Amino acid sequence: MKILHASAECFGLAKTGGLADVVHALSLASYRHADVRICIPSYRGVFARLRNTCEIASLEIYGYPVRVLEGELDAVTPPIWLIDCPDLFDRPGDPYRDRSGRDYPDNALRFGLFSRAVALLVSGAAEWQPNLLHLHDWQAGLAAAWSKRLRPSLPVLFTIHNLAYQGVFDRATFDLLELPAEWWDIEGVEYWGGFCFIKGGLNFSDAITTVSPSYAEEIKTPAFGCGLDGVLRKRSNELFGLLNGIDAEHWNPAADPLIETCYSRANVTEGKRRNRHALQRLLGLAPMEVPLFIFIGRLADQKGADLLLAAREEIAALPLQLVFLAAGDAGLEQACRAWASEMPERVAALIRMDEALAHRLTAAADFQLMPSRFEPCGLSQLYAQRYGTVPVVRATGGLRDTVIDLNADTLADQSATGILFAEADVDGVLSGIRRALRLYQSKSSLLAVRRAGMSKDFSWDKAAARYLELYRELIPAPAISATSPASVQ
Ligand code: ADP
20 MKILHASAEC
30 FGLAKTGGLA
40 DVVHALSLAS
50 YRHADVRICI
60 PSYRGVFARL
70 RNTCEIASLE
80 IYGYPVRVLE
90 GELDAVTPPI
100 WLIDCPDLFD
110 RPGDPYRDRS
120 GRDYPDNALR
130 FGLFSRAVAL
140 LVSGAAEWQP
150 NLLHLHDWQA
160 GLAAAWSKRL
170 RPSLPVLFTI
180 HNLAYQGVFD
190 RATFDLLELP
200 AEWWDIEGVE
210 YWGGFCFIKG
220 GLNFSDAITT
230 VSPSYAEEIK
240 TPAFGCGLDG
250 VLRKRSNELF
260 GLLNGIDAEH
270 WNPAADPLIE
280 TCYSRANVTE
290 GKRRNRHALQ
300 RLLGLAPMEV
310 PLFIFIGRLA
320 DQKGADLLLA
330 AREEIAALPL
340 QLVFLAAGDA
350 GLEQACRAWA
360 SEMPERVAAL
370 IRMDEALAHR
380 LTAAADFQLM
390 PSRFEPCGLS
400 QLYAQRYGTV
410 PVVRATGGLR
420 DTVIDLNADT
430 LADQSATGIL
440 FAEADVDGVL
450 SGIRRALRLY
460 QSKSSLLAVR
470 RAGMSKDFSW
480 DKAAARYLEL
490 YRELIPAPAI
500 SATSPASVQ
């Protein structure tokens, strides 16, 4: 099997959220069984992280010269293909926004060019040709439509990491991108008088996956379908919910170079205590013996940080400390900072993306808060469980699929791994926090829940096997047997 992934993010090169982790870890896990390449745009600084780079194709798209470069990230990651178009990608800021947090005004052109480049590559422009194209999220959505036009026989799998981000633009942009007139159709990419990139992935792919079984069901309903539930209901026979995994080596409390003290199931209580003390010192929090809650995530409506802020007074009255590691909405960033400066001994706000701090916080914390309004899969609650940090999460999407709620039965059979609350509102969040505080009172129950979480296997090996099975189903049999064993890693 020869698989090309195309994504706007890949861990180690460009990351704003879970998409990067998933593309990287899935590619790594499947690389043991298939020949894999990962294609991403060449954002500023990305080229410099690769070794042994060479040019594998040179294209012209929308009047821009585009070089395609291949290089190595490290000894284990599959080869990376960079779509190099400096005018569009060599910019300060993150993959989608400038330094002040505003979306680049030409994102349609940027990812329209990226998608078209991917389709050209898989239809002859590159020497190495995949026998399946695996596309991720809206930024790569049009690559499904283009590749079906240029190489109809190539199977295309499209993965929805988050349906709320769709890449919606107007008719003038449709014309600018020279999209074929027949795509301006409900069965094409047309969308409520405009068009959206993600519909390219939904309507032109051979199969669709999303990142948890619950989310796969939810997005077929108007409440979670973000206007696309009709399309997804129509494709429900080809829509699969495959749970994400985690990179269990990179996220391993027993051997994590980023944390103060490594620990395992056997010494989790002591290990966490030491990490908590170190974090308290680092952040200037009071050295109190109270449970430490953390929130790590994007400050966007989806993640519900605003609910924590709205419950500020009630939370302040509870015996706990709280640390935010988060970035996003400027108003929420400011509100987190303001709360931390009012109560510096008990609340800290780290307003930035910081991978190393995410590890330190996860190791130090007792509880991880995720009051998400919706959650396709969520990774932070998986990392939390691996580190013996008890997730306190809203019962939705992948959170529902990966956290086993604490109750008398699950405590008795030692299967409980966290706390689920029903509503994404202030009362819901507070009920979750109060249940966490009660759990904290019983050292033996807390230890049992921590250990149950740490015993879970969320590794990609299991998850990748399901993707490999799906790849095999989608690739016509002769194409697989024609792949020479020598090309399979
Ligand atoms: P999403 O993809 O919706 O943002 P996920 O839970 O799937 O949410 O993945 C989020 C990933 O990004 C996790 O790896 C999490 O640790 C990381 N992350 C989010 N915010 C930050 C931050 N401010 N600093 C470091 N890591 C972060």
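Read in order, the letters of the sequence shown correspond to residues 20 to 508 in our numbering.
Built from N, CA and C at the ideal position, the CB exists for glycine as well.
Keep in mind that this is a model prediction, so the values were computed, not measured.
Looking only at its chain, what residues have a beta carbon closer than 8 Å to the beta carbon of residue i, apart from the 5 residues adjacent to it on each side?
{"i": "F66", "result": "T72, L88, G90, L101 and D103"}
{"i": "A505", "result": "Residue placement at A505 is poorly supported in this model, since its pLDDT is 36, which falls under 50; the coordinates still yield a value, given next. Nothing meets the Cβ criterion."}
{"i": "T502", "result": "Confidence at T502 is low in this model, with a pLDDT of 49, below 50, so its placement is unreliable and no value can be given for it."}
{"i": "D106", "result": "Y83"}
{"i": "R14", "result": "The chain is shown from 20 up to 508; residue 14 falls before or after that span and cannot be answered."}
{"i": "K239", "result": "D248, L251, R252, S255 and L258"}
{"i": "E201", "result": "G207"}
{"i": "H43", "result": "C29, F30, G31, I57, T96 and D266"}
{"i": "E236", "result": "G260"}
{"i": "C245", "result": "L182, A183, Q185 and I238"}
{"i": "W157", "result": "F130, Y184, Q185, G186, C215, F216, I217 and G220"}
Apart from the five residues on each side of it in sequence, which residues of its chain come closer than 6 Å, Cβ to Cβ, to residue i?
{"i": "S478", "result": "G264 and A267"}
{"i": "I313", "result": "V342, L380, A384 and Q387"}
{"i": "A563", "result": "Because residue 563 is not part of the residues shown, which for the chain are 20 to 508, the question remains open."}
{"i": "A329", "result": "V445"}
{"i": "V366", "result": "L341, W358 and A359"}
{"i": "S231", "result": "G260, L262, C396, G416, G417 and D420"}
{"i": "P98", "result": "R56 and E89"}
{"i": "V2", "result": "Residue 2 is absent from the model: the chain starts at 20 and stops at 508."}
{"i": "P171", "result": "none"}
{"i": "L327", "result": "none"}
{"i": "F108", "result": "P60, S61 and Y62"}
{"i": "D179", "result": "Strictly speaking, residue 179 in this sequence is Ile, with Asp absent from that position. Excluding sequence neighbours, I179 sits near T229."}
{"i": "T404", "result": "Looking at the sequence provided, one finds Gln at residue 404 rather than Thr. Excluding sequence neighbours, Q404 sits near T436, G472 and K475."}
Tell me, to the nearest whole angstrom, how far the beta carbon of residue i is from that of residue j; I am working on the premise that it is less than 8 Å.
{"i": "A259", "j": "A226", "result": "Residue identity check: residue 259 is Phe in the sequence provided, not Ala. The Cβ separation is near 7 Å, so the contact holds."}
{"i": "L465", "j": "L456", "result": "11 Å between Cβ atoms; not a contact."}
{"i": "G213", "j": "R190", "result": "7 Å"}
{"i": "L152", "j": "A305", "result": "No, L152 and A305 are not in contact; Cβ-Cβ is about 53 Å, not under 8 Å."}
{"i": "L154", "j": "F133", "result": "Rounded, the Cβ-Cβ distance is 11 Å, inconsistent with contact."}
{"i": "A377", "j": "L45", "result": "Contact flag wrong, Cβ pair sits at about 20 Å."}
{"i": "P114", "j": "Y62", "result": "6 Å"}
{"i": "L186", "j": "I217", "result": "A small correction: the amino acid at residue 186 is Gly; Leu does not occupy that position in the sequence shown. Indeed they touch by this definition, with Cβ atoms about 6 Å apart."}
{"i": "L277", "j": "A375", "result": "5 Å"}
{"i": "R3", "j": "A443", "result": "With the chain covering only 20 through 508, there is no way to say anything about residue 3."}
{"i": "V141", "j": "L298", "result": "With 8 Å as the limit, V141 and L298 do not qualify as a contact, their Cβ atoms being about 46 Å apart."}
{"i": "W211", "j": "Y402", "result": "Actually they do not touch by this definition, with Cβ atoms about 37 Å apart."}
{"i": "A136", "j": "F188", "result": "Actually they are not in contact, since the Cβ atoms of A136 and F188 sit about 18 Å apart, beyond 8 Å."}
Kindly list the residues whose CB is nearer than 7 Å to the CB of residue i, restricted to its own chain and excluding five residues on each side of it in sequence; keep chain order.
{"i": "R254", "result": "L221 and I227"}
{"i": "K167", "result": "V175 and F223"}
{"i": "V131", "result": "For clarity, residue 131 is Gly in the given sequence; the question names Val instead. Taken in chain order, the residues that qualify are L161 and L196."}
{"i": "R295", "result": "L311 and A383"}
{"i": "Q508", "result": "Any reading at Q508 is ruled out, since the residue's pLDDT is 32, under 50, leaving its predicted position unreliable."}
{"i": "T429", "result": "I423 and A435"}
{"i": "G64", "result": "none"}
{"i": "A144", "result": "A76 and L78"}
{"i": "R293", "result": "E279 and T280"}
{"i": "Y406", "result": "P272, T381 and A382"}
{"i": "A39", "result": "E28, C29, F30 and A33"}
{"i": "R70", "result": "G90 and E91"}
{"i": "R86", "result": "E74, S77 and D103"}
{"i": "Y486", "result": "L45, S49 and L261"}
{"i": "D480", "result": "A48"}
{"i": "V309", "result": "P338, L339 and Q340"}
Quick check: does the Cβ of residue i come within less than 7 Å of any heavy atom belonging to the ligand GTP?
{"i": "S283", "result": "Looking for the ligand GTP in the displayed structure turns up nothing; the ligands present are the ligand ADP."}
TODO: Mind the definition here: the region 387-398 touches the region 318-331 only if three or more C-beta pairs lie below 8 Å; say whether that holds.
DONE: yes
Task: Ordered list of beta strand (DSSP E) runs contained in the region 271-315, each at least 3 residues - done: none
Open item on the list: Does the structure place the region 275-291 close enough to the region 349-361 that three or more beta carbon pairs sit under 8 Å?
Closed with: no
Open item on the list: For the pair the region 329-336 and the region 444-451, tell me if three or more CB-CB distances fall below 8 Å.
Closed with: yes
Open item on the list: Whether or not the region 453-472 and the region 426-439 are in contact is what I'm after, with contact meaning three or more pairs of Cβ atoms, one per stretch, closer than 8 Å; do they touch?
Closed with: yes
Open item on the list: My parser needs the alpha helix (DSSP H) runs of 4 or more residues fully inside the region 139-207; what are they?
Closed with: 160-169 and 190-195
TODO: Kindly provide the ranges of any beta strand (DSSP E) runs that are 3 or more residues long and lie completely inside the region 21-91, ordered along the chain.
DONE: 21-25, 54-60, 70-80 and 83-91
Open item on the list: List, from N- to C-terminal side, the alpha helix (DSSP H) runs of 4 residues or more that fit wholly inside the region 466-496.
Closed with: 479-493
TODO: May I have a chain-ordered list of the alpha helix (DSSP H) segments no shorter than 4 residues that lie completely inside the region 375-441?
DONE: 399-405, 416-421 and 427-431
Task: Ordered list of beta strand (DSSP E) runs contained in the region 87-137, each at least 3 residues - done: 99-103
Open item on the list: To test your reading of the DSSP string, which unbroken alpha helix (DSSP H) runs of 4 or more residues are found completely within the region 243-271?
Closed with: 248-253
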